[in-house]
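Trainee: Numbering (the numbering used here), first residue to last: -6 to 286.
#1: Among 224, 281 and 11, which residue has its Cα nearest to the Cα of residue 31?
#2: To the nearest angstrom, report how far apart residue 187 and residue 34 are at their CA atoms.
#3: Return the first residue and the last residue of the beta strand (DSSP E) that residue 199 is part of.
#4: Could you tell me which of 64, 38 and 19 sits nearest to residue 5, measuring between CA atoms?
#5: Find out if the Cβ-Cβ distance for the pair residue 102, residue 120 is shorter than 8 angstroms.
#6: Assuming residue 276 contacts residue 228 under a Cβ cut-off of 8 angstroms, what Cβ separation, rounded to an integer in Å, is found between them?
#7: Give me, in chain order, the residues of the same chain whose beta-carbon lies closer than 7 angstroms to that of residue 214; leave out the 5 immediate sequence neighbours on both sides.
#8: Relative to the C-alpha of residue 40, which candidate in 260, 173 and 57 has its C-alpha closest?
#9: Please report how far the alpha carbon of residue 151 lies from the alpha carbon of residue 62, in whole angstroms.
#10: Short of 8 angstroms in beta carbon distance, which residues of its chain neighbour residue 221, apart from the five on each side in sequence? Order them along the chain.
#11: Between residue 46 and chain D, is any beta-carbon pair separated by less than 8 angstroms?
#12: How is residue 126 classed by DSSP in three states: helix, strand or coil?
#13: How many angstroms separate the CA atom of residue 168 from the CA atom of residue 145?
#14: What are the residues that DSSP puts in a beta bridge with residue 43?
#15: At which residues does the alpha helix (DSSP H) containing residue 14 begin and terminate?
#16: Is the Cβ-Cβ distance between residue 267 and residue 199 less than 8 angstroms?
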């Protein structure tokens, strides 16, 4: 099994004919994902070729869903159009909407997430995220498909590149699903959402959390682990050497005093029984010891 994305998932790409959408549609197809078409109102009725695979372009998400049976949309559109694209997918009751776009205004993200919650039919992953991969089954987004195979570890991460590193470091064990939730102040799917899904997945045996300085998402995840998760969890928090009061990388990574620091998050996670590594490699070693012991 996998969470959110399986071998049966049927994917459309909003923005498939753009440069990023086209490049990553090709990569998803190579990874074995069932990409069934794209959406671009200006190119409706056309088609696009991907190394011999011809995919139709639809005018709307609703049309694409009716024609292809798609249940996942991956959004590769410019930031100023992202809110409208996601709202369109939500209004069409698309079950899973993976928003790769970086630089979406936080106000737009708040609006589109509130809209999705009011409808209650769509899960949003992102924005500003690498997407989701269930190795050996499907790939929706920009996560490289060749750095790990299928296995029994679940991974949820704020950071794209650290997602890739952890997948590589544990590639001999493999992963059920890897979810890059994004590091913006507001994201559609949280650490807790993924922890719940991994806890409920009978083919996930252990979970890796990757967080980063700023905000309190990791502290809330720690509380959830303590109350609801029976499977072993290890974690890494990026930013142990970050100076206080500085914005580090992601828009959400703002540290104020002791709140939101890596040490504070590490303490909260360890109090919940989570083993925390000081580096990605140490975290991978802790997970290796956990699953082998």
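Quick reminder that beta carbons are idealized off the backbone N, C-alpha and C, glycines included.
Mentor: By the coordinates alone:
#1: Counted from its first residue, the chain shown places residue 31 at position 38. Cα-wise, what sits closest to residue 31 is 11.
#2: Counted from its first residue, the chain shown places residue 187 at position 194. Counted from its first residue, the chain shown places residue 34 at position 41. Distance from the CA atom of residue 187 to the CA atom of residue 34, rounded to whole angstroms, is 33 angstroms.
#3: Walking along the chain shown from the start, residue 199 turns up at place 206. Note, residue 199: beta strand (DSSP E), 199 to 205.
#4: Taking the first residue of the chain shown as position 1, residue 5 is located at position 12. The shortest C-alpha to C-alpha distance from residue 5 to any of 64, 38 and 19 is the one to 64.
#5: Counting from 1 along the chain shown, the entry for residue 102 is found at position 109. Counting from 1 along the chain shown, the entry for residue 120 is found at position 127. In this structure, residue 120 lies closer than 8 angstroms to residue 102 by Cβ.
#6: For the purposes of this step, residue 276 is taken as the residue at position 283 of the chain shown. For the purposes of this step, residue 228 is taken as the residue at position 235 of the chain shown. That belief holds up - the Cβ atoms of residue 276 and residue 228 are roughly 7 angstroms apart, short of 8 angstroms.
#7: Position 221 of the chain shown, counting from 1, holds the residue named residue 214. Closer than 7 angstroms at Cβ, skipping near neighbours: 184, 185, 188 and 202.
#8: The residue given as residue 40 occupies position 47 in the chain shown. Closest in alpha carbon position to residue 40, among 260, 173 and 57, is 57.
#9: Within the chain shown, numbered from 1, the residue matching residue 151 stands at position 158. Within the chain shown, numbered from 1, the residue matching residue 62 stands at position 69. Rounded to whole angstroms, residue 151 to residue 62 spans 30 angstroms at the Cα level.
#10: Working through the chain shown from its first residue, we reach residue 221 at position 228. Around residue 221, the same chain offers 188, 189 and 192 as residues with beta carbons nearer than 8 angstroms, after the five sequence neighbours per side are excluded.
#11: In the structure shown, chain D cannot be found, because there is only a single protein chain.
#12: Mapped onto the chain shown, residue 126 falls at position 133. Three-state DSSP puts residue 126 in a strand.
#13: As a position in the chain shown, residue 168 is number 175, starting the count at 1. As a position in the chain shown, residue 145 is number 152, starting the count at 1. For residue 168 and residue 145, the distance between alpha carbons rounds to 5 angstroms.
#14: In the chain shown, the residue the question calls residue 43 occupies position 50. Per DSSP, 46.
#15: The count along the chain shown starts at 1 and reaches residue 14 at position 21. That run of the alpha helix (DSSP H) goes 12 to 23.
#16: Counting from one through the chain shown, the residue named residue 267 turns up at place 274. Counting from one through the chain shown, the residue named residue 199 turns up at place 206. No, Cβ-Cβ distance for residue 267 and residue 199 is not below 8 angstroms.
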